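Scroll down for the structure; my scribbles are underneath it.
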Amino acid sequence: MNAVNQRISLIIRSARKFKGITQQELAKALKCSQSALSKMENGVLIPSAPQWFDFCDITDIPVQSLVLGFIDRKVNAEVQNGKISNGHNIPTRYLHDRGMKVKYINPFIQYIKNEFGEKDFKEFLKKKKLSQDFFVDFDNQVSLNFFYDIYKYFEEKEATGDDVLKDVAALSKNKNIHGQTYETLAKSKTPIDVLSAYCANYRNYQADFFVQVKDKTDDSLNITIKPKLHLRRFKVFKDEKFQEFCMKYVIFTIEALTELCKYPKDVTIERKQSFFEGHEFSRFNITLAN
């Protein structure tokens, strides 16, 4: 199977499952045989242009998903509980208090694929009893436990140092990491504007934290990040090494995002306080050099 066919097959399977319809139901809607649809989902056939447009209309996905290689409806995350109503199945460990979208985790997924290989990523998913189809859709959500298991994977690889986290965060400068949200970020003219736009659209990425911009000027702003109450139910949230891993990733991501626009001034980022240190929220101060 070539790369294009594989990309199309993943999108078709994932979108159908998200919609919660069977192959038989979708085949009937597309006016093709179930056998033909099965071949599309396995990369043997590709849909015709009319079939693709009909498919997008039936499954409510953007037409450009075919080109992008992922599905992103640009909807806000909401904390979800209980069994997923669509056709995707995920382990109980990731099922309750799901507030983190695949979009937020995407830099880590891409780093694993780039540095450790596609095969290694598939083995990781197999161990966690997850399907690769699930991660094609940026709107699918998992709990904090999955992000913790990503952290443990990096720890096993001895890849939790600052240099690795900076490389992961640097992927945030990649258009495909942000899906449709990238267009909003790309309109920004200064690093302050980029971060303001990112915070305003933060629920496009996850719903585990309240994120606010305060005291914004042309040359500075404060970002506050406050964990929502449901996170206290996760034992992993108390792991100090995981806490530092999370905080550093936030800082490095902020640094990477400031580079989305070409701006001549240096940017200074300071962590003023952290909710992991007993404060109600974490606060970061970002300033542009004079």
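At position 131 of the sequence shown the residue is numbered 123 (this note's numbering), and the sequence of numbers has no breaks. All C-beta atoms, glycine included, are put in the ideal place defined by N, C-alpha and C. Please read all numbers here as calculations on a predicted model, not as lab measurements.
- For the pair Ala69 and Arg225, the CB atoms are not nearer than the 7 Å cut-off.
- Spatial neighbours of Arg90 in its own chain (CB-CB distance under 6 Å, excluding positions within 5 residues in sequence) are listed in chain order as Gln72, Gln133, Val134, Ser135.
- Assignment of Leu163 by DSSP, reduced to helix, strand and coil, places it in the helix class.
- The C-alpha of Ala178 lies about 43 Å from the C-alpha of Ser27.
- Rounded to whole angstroms, the separation of the alpha carbons of Lys121 and Gln16 is 25 Å.
- Annotation for Pro219: the continuous beta strand (DSSP E) segment containing it runs 212 to 219.
- The C-beta distance from Leu213 to Ile184 rounds to 6 Å, short enough to fall under 8 Å.
- With a beta-carbon spacing of about 30 Å, Val228 and Tyr174 fall beyond the 8 Å limit used to define contacts.
- Within the model, the alpha-carbon separation for Ile104 versus Ile50 is close to 33 Å.
- Closest option to Ala199, judged by alpha-carbon separation, among Tyr190, Lys220, Lys149, Thr216: Lys220.
- Here the C-alpha atom of Thr209 lies approximately 28 Å from the C-alpha atom of Glu269.
- In the same chain as Leu157, and ignoring 5 residues on each side of it, the C-beta atoms closer than 6 Å to its own belong to Lys240, Tyr241, Phe244, in chain order.
- With respect to the 7 Å criterion, Ser180 and Ala248 are not classified as neighbours on the basis of their beta carbons.
- When Lys11, Lys23, Arg275 are compared, the shortest CA-CA separation from Lys206 is found for Arg275.
- DSSP lists Ile278 as the beta-bridge partner residues of Ile261.
- Only residues of its own chain outside the window of five on either side were considered, and among them Ile142, Val160 have a CB closer than 7 Å to the CB of Phe100, listed in chain order.
- The beta carbon of Glu251 is closer than 7 Å to those of Lys165 in its chain, skipping five residues each way along the sequence.
- Contact between the region 23 to 39 and the region -2 to 7 is present: 3 or more CB-CB pairs across the two stretches fall below 8 Å.
- Boundaries cannot be given for Lys149, as no beta strand (DSSP E) includes it and DSSP labels it neither H nor E.
- Note on geometry: alpha-carbon atoms of Val36 and Asn(-3) lie some 7 Å from one another.
- Per DSSP, reduced to three states, the secondary structure at Ile104 is helical.
- In the three-state DSSP reduction, Arg90 falls in the strand class (E or B).
- CA-CA distance, Phe47 to Leu22, rounds to 7 Å.
- The alpha-carbon of Ala19 is positioned some 13 Å away from that of Ser40.
- Excluding sequence positions up to five before and after His271, its CB lies within less than 7 Å of the CB of Gln265, all in the same chain and listed in chain order.
- A direct Cα-to-Cα measurement between Glu110 and Lys257 gives close to 38 Å.
- Residues Cys48 of the same chain have their beta carbon placed closer than 6 Å to that of Val55, with the five preceding and five following residues left out of the count.
- Just so you know, the alpha carbons of Arg263 and Asn277 end up roughly 7 Å apart.
- With respect to Tyr145, Phe113 sits apart: the two C-beta atoms are not nearer than 7 Å.
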